Structure formats: structure tokens, C-alpha cells
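Read the structure below first, then the notes.
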Amino acid sequence: MNPLKSDEYPTIYTDYVENVVGSVIEELEEQLTTFPEFIQGIPEDKGDYKYAEGKWSVKEVLCHILDTERVMAYRALRFARNDMTELAPFEQDEFVQNARHNERSFESIKEEFSFLRKSHLLLFDTFNETELSRKGMASGRLVTVKAFLYVIAGHLTHHRIILQERYLNNESKEHAENLV
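FYI, in full-length UniProt numbering the residues of the sequence shown are 1 to 180.
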């Protein structure tokens, strides 16, 4: 895969893209192992924890990662198949408010992530350079298929860091830091 160029994604995704060091496919594959291990290390009693009023719980953050991956992979699929229909914004707060994430177990979240990521890796493997370079409009911004792969990987890393720094106690932090 050719390297991602700055004109392939809007600046709103810069932090996520910069979280990816090296091959994005290798990063996505590595996360397939390290993220479920990270989730497994979170104590069950932390699932509903919010570090401040108005913030999402640990389980809500984890499920937000899943929802975002699903939406970004869908966008990538649409553009890879040369569907140039402009795609609507993703209202992340509405997704969280209208789900029952806190009713889920860490095990179910972990399992869903594994199946979801495996499926997306199989999909991404079918994209050739022409398909990866196709652009479309999502949330009013021009973006390539390839950029969505970086957003998926970098977004997970972004939220894993937030979980480590703002949500988890010292014991969980030590476990999580060993997985980074």
C-alpha cells in the first residue's frame, strides 16, 4: 500500500492518522490481539465508571470505538465501490445515548471487536491501489478510502490512551501500559 498523503484526509482526522506509525495494515492486525487483551485487563467494576460529569463510561467508550470502526469501514466500502453519494455525518453522542452499552459485558465487547476487526481486515485486503485512492464526501469532507483505514486504527489508539489516562486506576494502568 502506498503511503497516505496529507491531501487524502481532512484535518479533523490528523490526530488519528498521526497515531499510526508504520504500516496501517500491520497496526490494524496488531490491534486485533492487543485491544482484546487491553479490554480483558479492565476490572469489571470499572465498566460504568465516568471520570467526570457528562463523560461516557468505560463501556460507552469501548462501544464507541466499535461503532466508529463500523461507520468508517462502511464509508470505505461505499467509496471503494465507487459510490460517490455524499455520506451524512456520524452523530457519536446520539449513538451512545441510544444504545445500552452499560448493560454489556466486557467479554461481549471484546468478542464483537474481534469479529468486527477480522471482517474489516478481510474487506480491506480486497481493496487495490485504485480503490484505496478513491475519494468521496463524508460529513462534508473529502476523504480517501485509505484514509479511513488510518482513522480506524488511530481512533482506537486515541481512545485507548484516554481510557488509560483518565479512567483506569493505577493497577489497570500498569496492565494497559504493558500492552501498548
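Glycine included, each C-beta is placed from N, C-alpha and C at the ideal position. Owing to the predicted nature of the structure, the values given are computational and were not obtained by experimental measurement.
Collapsed DSSP secondary structure at residue i in the structure displayed
{"i": "Gly41", "result": "coil"}
{"i": "Arg100", "result": "coil"}
{"i": "Thr34", "result": "helix"}
{"i": "Leu4", "result": "coil"}
{"i": "Val21", "result": "coil"}
{"i": "Tyr167", "result": "helix"}
{"i": "Lys50", "result": "coil"}
{"i": "Tyr9", "result": "coil"}
{"i": "Ser172", "result": "Here the model assigns Ser172 a pLDDT of 45, short of 50, so the residue's position is not dependable, and the following value carries that caveat. Reduced to three states, the DSSP call for Ser172 is helix."}
Residue nearest to residue i in terms of C-alpha spacing, selected from the options
{"i": "Ile161", "options": "Ser139, Phe115, Val58 and Tyr74", "result": "Val58"}
{"i": "Lys135", "options": "Thr33, Thr85 and Leu168", "result": "Thr85"}
{"i": "Ala99", "options": "His158, Trp56 and Ile39", "result": "Trp56"}
{"i": "Glu165", "options": "Glu29, Ser139, Tyr51 and Ser6", "result": "Tyr51"}
{"i": "residue 183", "options": "Thr14, Phe35 and Val17", "result": "In the structure as shown, the chain begins at 1 and stops at 180. Residue 183 is therefore absent and cannot be evaluated."}
{"i": "Asp45", "options": "Ser105, Gln92, Asp125 and Thr14", "result": "Ser105"}
Buried versus exposed call for residue i [16 or more other C-beta atoms within 10 Å across all chains shown]
{"i": "Glu174", "result": "Because Glu174 sits at a pLDDT of 49, beneath the cut-off of 50, its placement in the model cannot be relied upon, and the following sentence gives the value as read from the coordinates. By the 10 Å Cβ count, Glu174 comes out exposed."}
{"i": "Val21", "result": "exposed"}
{"i": "Thr68", "result": "buried"}
{"i": "Phe148", "result": "buried"}
{"i": "Gln40", "result": "exposed"}
Which residues DSSP lists as bridging residue i, in chain order
{"i": "Thr144", "result": "Lys135"}
Query raised in the report: In the stretch 58-142, which residue ranges form an unbroken beta strand (DSSP E) of at least 3 residues, counting only runs that do not cross its ends?
Result: 135-138
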